[in-house]
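Data first, discussion second: the structure below is written as structure tokens.
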Amino acid sequence: MQTNKNAKCNKCLNKFYQKDIYTIQQFQYKKEPNYQWTLKFFNKLKIGEWDSFCEKCIKQYSEQLDIAWNNQKSQVL
Ligand SMILES: [Zn+2]
1 MQTNKNAKCN KCLNKFYQKD IYTIQQFQYK KEPNYQWTLK FFNKLKIGEW DSFCEKCIKQ
61 YSEQLDIAWN NQKSQVL
């Protein structure tokens, strides 16, 4: 049984188990925004595809992403 918490979240700096790592790559399965847009958005926040985050922080980023996407959609209309 693995007991070492050897992964670290890039945002809150909490330690957690390697198997619980999340990255922004999981957003490529979102219906929208498309992944290209998602990468650009996180690039502005200086977040790369390989940065690791805990579940709590990736959820926060997911919400930020949705808000930003909805904002830019309404700007286009
Ligand atoms: Zn975190």
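In the UniProt record's numbering, the protein residues as written are 1 to 77. For every residue, glycine included, the Cβ atom is placed at its ideal position computed from N, Cα and C.
Are the CB atoms of residue j and residue i within a distance shorter than 9 angstroms?
{"i": "residue 6", "j": "residue 18", "result": "yes"}
{"i": "residue 61", "j": "residue 21", "result": "no"}
Please name the residue in the options whose C-alpha comes closest to that of residue i.
{"i": "residue 42", "options": "14, 27, 20", "result": "27"}
{"i": "residue 70", "options": "12, 14, 34, 49", "result": "34"}
{"i": "residue 73", "options": "16, 8, 32", "result": "32"}
Can you find a heavy atom of ligand 1 that lies under 8 angstroms from the Cβ of residue i?
{"i": "residue 11", "result": "yes"}
{"i": "residue 6", "result": "no"}
{"i": "residue 43", "result": "no"}
{"i": "residue 56", "result": "yes"}
{"i": "residue 14", "result": "yes"}
Helix, strand or coil for residue i? Go by DSSP, reduced to three states.
{"i": "residue 31", "result": "coil"}
{"i": "residue 17", "result": "coil"}
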